Structure formats: structure tokens, C-alpha cells
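For reference, the structure discussed in these notes is given below.
Numbering (the numbering used here), first residue to last: 9 to 372.
See below:
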């Protein structure tokens with residue numbers, strides 16, 4: 009069997025080794041079922057138990073109140089960019105506020121414009137998406153149906169350290185790249201959603217936590233698969249859901265609850281891992297240049313540049329030779345990006361940190 013390398017991909021991303029081994033152990037035959045998760049009916053009692061257990065785990069990890077539904081959807085964040093305004097403000101006089109703090113919130117706002125009236129209440133483009141806004145900079149509409157944010161911008165490595173204060177306006181949050189990385193107060197959100205393939209499982213399922221009144225806003229004229237109301241009524245099983253992805257999400261949330269001990273402990277682990285890399289950047293005398301302003305640095309994605317594109321490429325090639333892979337920045341910006349999600353072992357981050365220090369010493 010080939011040795012596993014340290015995979016710093018931004019997504020699909022590294023998963024807990026114990027989870028992969030558990031899935032491998034059960035792949036041919038689920039205990040007590042006599043068939044694989046890939047083979048059993050989504051209407052069967054064994055799969056229903058898996059789905060309900062996954063929902064229960066999410067309620068525990070995020071302290072989800074009773075007046076929220078947990079849905080497992082398909083189509084990724086791109087579908088949610090349209091579904092959210094489609095369900096909440098489409099064909100109404102309502103508007104929504106959008107905070108554009110990076111590539112993904114910019115894309116979300118662009119898609120939302122196809123479904124309803126939105127206001128861009130802050131845009132960080134002129135500053136190169138290096139920070140989030142402070143509350144005094146937000147030009148919020150007090151009558152907005154919601155305020156949309158992306159909690160962590162994977163490309164720019166910019167993360168909300170404290171959620172914006174929006175008064176009575178509920179937040180809608182794309183938490184795809186930092187879900188389960190830290191404790192969250194769900195009561196601030198009308199919708200809190202995340203694609204699984206960065207921190208919660210494999211690609212193919214999007215988990216969505218939605219307040220009951222937001223479910224009720226869905227118009228009766230929507231097609232079934234785009235209606236939160238109809239999806240919630242069917243408990244995510246209007247059609248065949250992504251059964252394997254939901255099963256893997258269940259295993260990942262088991263790991264977070266049992267092996268890690270909850271999100272407070274996961275947060276401390278993530279802070280410590282991120283500090284290793286940011287310390288290496290800060291101590292390099294400018295050889296490594298981080299993208300985000302220090303007070304908005306992500307603990308999930310660490311983008312940085314070297315003095316030249318040639319050194320960027322050399323860095324990646326030499327890192328790969330010692331088992332540190334997928335360190336290239338997003339195709340739209342280049343440079344280096346180390347994604348250090350929950351499942352990235354501290355040993356992998358230490359190895360990268362040590363390589364960074366050595367590379368800077370040799371090439372600086």
C-alpha cells in the first residue's frame with residue numbers, strides 16, 4: 009500500500025484517517041445489514057438510522073435549537089447561492105444584504121441577483137480582499153430579509169473572527185470551509201450551510217441548518233427540489249439523497265464528538281496548527297508574504313507568496329519530494345496555499361513549518 013502523504017488541498021480535502029479506515033472496514037458490508045452502504049435503499053431502516061444519527065451529531069456539535077431543521081442537499085454552494093434568494097426574497101418586495109469579502113461571497117452575490125433584489129453593503133475588492141469589515145462600515149438595510157456572509161474565504165484566507173452585528177437582521181452564512189472548526193451560535197443565523205468536502209466529509213452533500221420561519225418563506229410555486237419547505241417536509245429524501253456522502257459525514261461527526269471531544273477542543277487544535285505556519289511567515293523577514301491582514305487570518309487556509317513565481321514553483325516541487333502535496337494557490341491568484349482543515353494532523357503542519365524555515369534559509 010502506498011504511503012499517505014500530507015495533503016494540503018483546499019477541497020476535496022484531507023479526511024481523518026480513522027474515518028477512512030472505518031469506511032474501508034464497513035464498505036463491503038455494513039454491520040448487521042448484509043450489504044454495502046453503496047447498495048442499500050435510501051428508504052431502508054438502516055439508512056434512515058444513519059441519516060438521523062448524522063442529524064443528531066450536528067445538533068450536538070453546533071448546539072442547534074429545536075426550531076431549526078437540518079437538511080442534506082445536493083448541488084454544492086453554487087446551488088445554494090441561487091436557492092437562498094429563490095426561497096427567501098424571490099417574487100417579493102423584500103431585499104437582502106450581501107457582504108462581499110472574497111471570491112465566494114462575490115460569486116454568491118452575483119448568483120443572488122438573478123433571483124431577487126440585493127444590496128452590496130460592503131465590498132473588499134479595492135483592498136484585495138485582505139480583511140473583513142468592521143460593523144461601522146456596514147451600510148445595512150434594517151428591513152433586509154437577511155445579511156449574507158461567507159465565514160471563511162478559502163482563496164484569500166480571510167476569516168470572520170467575530171460575526172458582524174446585524175441587529176434584527178438574521179445572518180445567512182456559507183461556512184463551507186470552516187464548519188465544525190470552532191463553536192458557533194446558531195441562533196444568529198436564519199441559514200447556516202456548508203459543502204462537506206472541506207471539513208465534514210466527501211464531495212456530494214451540502215448540509216444546511218435552517219430556521220423554521222425561513223423554511224416557511226419558500227414559495228409554493230417553486231419546483232420541489234428547489235423548495236426548502238418541500239425538502240424539509242421530506243427530511244431531505246424527496247429523491248435519492250447522496251447516501252454514501254451522508255454516511256461519511258456521520259462518521260466525521262462521530263470522530264469530532266468522540267475522538268476530538270467537541271468543537272471547543274477542535275478550535276484550540278486548529279488555532280495551534282495555524283500559529284505554526286503564521287509564525288514561520290512572520291519570522292521570515294519578508295521572504296514569505298501572507299495575504300490576509302493579521303487580525304483576519306484564517307485558521308483553515310493559509311495563502312502566501314514567495315519573492316518570485318520561480319520560487320513559488322520551486323517551493324512546491326521540493327515540498328512534494330518530501331511528501332507535502334497540493335500546496336499551489338488557487339488558479340485565479342497563484343502563489344502558495346496550505347489548507348489545514350480539522351483532519352490535517354499537527355505532524356503535517358509541523359513538517360510544513362520546518363520545510364518553510366529551511367527553504368527560506370537556503371533561498372532567502
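Using N, Cα and C, we set each Cβ at its ideal position, and we do this for glycine too. Being a predicted model, the structure only gives us computed values, none of them experimental.
Cβ distance (whole Å) where residue i is taken to contact residue j below 8 Å
| i | j | result |
| --- | --- | --- |
| residue 80 | residue 315 | Wrong, their Cβ atoms sit about 45 Å apart, outside the cutoff. |
| residue 46 | residue 188 | Residue 46 to residue 188, Cβ: 25 Å. No contact. |
| residue 307 | residue 296 | About 17 Å separates the two Cβ atoms, so there is no contact after all. |
| residue 217 | residue 236 | Rounded, the Cβ-Cβ distance is 11 Å, inconsistent with contact. |
| residue 344 | residue 15 | Not a contact, Cβ separation roughly 15 Å. |
| residue 215 | residue 96 | Incorrect: roughly 18 Å between the Cβ atoms, too far for contact. |
| residue 285 | residue 346 | 6 Å |
| residue 309 | residue 165 | 4 Å |
| residue 202 | residue 211 | Contact flag wrong, Cβ pair sits at about 12 Å. |
| residue 108 | residue 131 | 4 Å |
| residue 234 | residue 364 | Contact flag wrong, Cβ pair sits at about 45 Å. |
| residue 335 | residue 327 | 6 Å |
| residue 31 | residue 256 | 6 Å |
| residue 246 | residue 226 | About 13 Å; that fails the 8 Å criterion. |
| residue 62 | residue 254 | 6 Å |
| residue 183 | residue 200 | 6 Å |
For residue i, the three-state DSSP class (helix, strand or coil)
| i | result |
| --- | --- |
| residue 318 | helix |
| residue 127 | strand |
| residue 297 | strand |
| residue 356 | helix |
| residue 255 | helix |
| residue 64 | helix |
| residue 105 | strand |
| residue 14 | strand |
| residue 371 | helix |
| residue 362 | helix |
| residue 236 | helix |
| residue 140 | coil |
| residue 23 | coil |
| residue 226 | coil |
| residue 44 | coil |
| residue 88 | helix |
| residue 93 | helix |
| residue 54 | helix |
| residue 241 | helix |
| residue 261 | helix |
| residue 275 | helix |
| residue 49 | coil |
| residue 323 | helix |
| residue 205 | coil |
| residue 349 | coil |
| residue 211 | coil |
| residue 59 | helix |
| residue 330 | coil |
| residue 186 | coil |
| residue 119 | helix |
| residue 70 | helix |
| residue 248 | coil |
| residue 291 | coil |
| residue 173 | coil |
| residue 31 | helix |
| residue 231 | coil |
| residue 267 | helix |
| residue 221 | helix |
| residue 99 | coil |
| residue 148 | coil |
| residue 285 | helix |
Residue j beta carbon less than 7 Å from that of residue i
| i | j | result |
| --- | --- | --- |
| residue 159 | residue 193 | no |
| residue 207 | residue 71 | no |
| residue 89 | residue 116 | yes |
| residue 219 | residue 76 | yes |
| residue 281 | residue 357 | yes |
| residue 84 | residue 154 | no |
| residue 104 | residue 128 | no |
| residue 162 | residue 18 | yes |
| residue 13 | residue 331 | yes |
Opposing strand residues paired with residue i [DSSP bridges]
| i | result |
| --- | --- |
| residue 344 | 312, 336 |
| residue 79 | 216 |
| residue 161 | 166 |
| residue 180 | 156, 199 |
| residue 305 | 166 |
Flag this pair as touching only if the segment 274-293 and the segment 105-114 have three or more C-beta atom pairs under 8 Å; answer yes or no. Put simply, the segment 274-293 does not touch the segment 105-114. Fewer than three CB pairs are less than 8 Å apart.
Evaluate the contact criterion for the segment 257-271 versus the segment 172-182: three or more CB pairs, one atom per stretch, below 8 Å. With a cut-off of 8 Å, the segment 172-182 and the segment 257-271 do not count as touching, because too few Cβ pairs lie within range.
Using 8 Å as the threshold, is the segment 39-53 in touch with the segment 164-176, meaning 3 or more CB pairs across them? no
Under 8 Å, with one C-beta from each stretch per pair, do the segment 56-75 and the segment 118-130 reach the 3-pair mark? no
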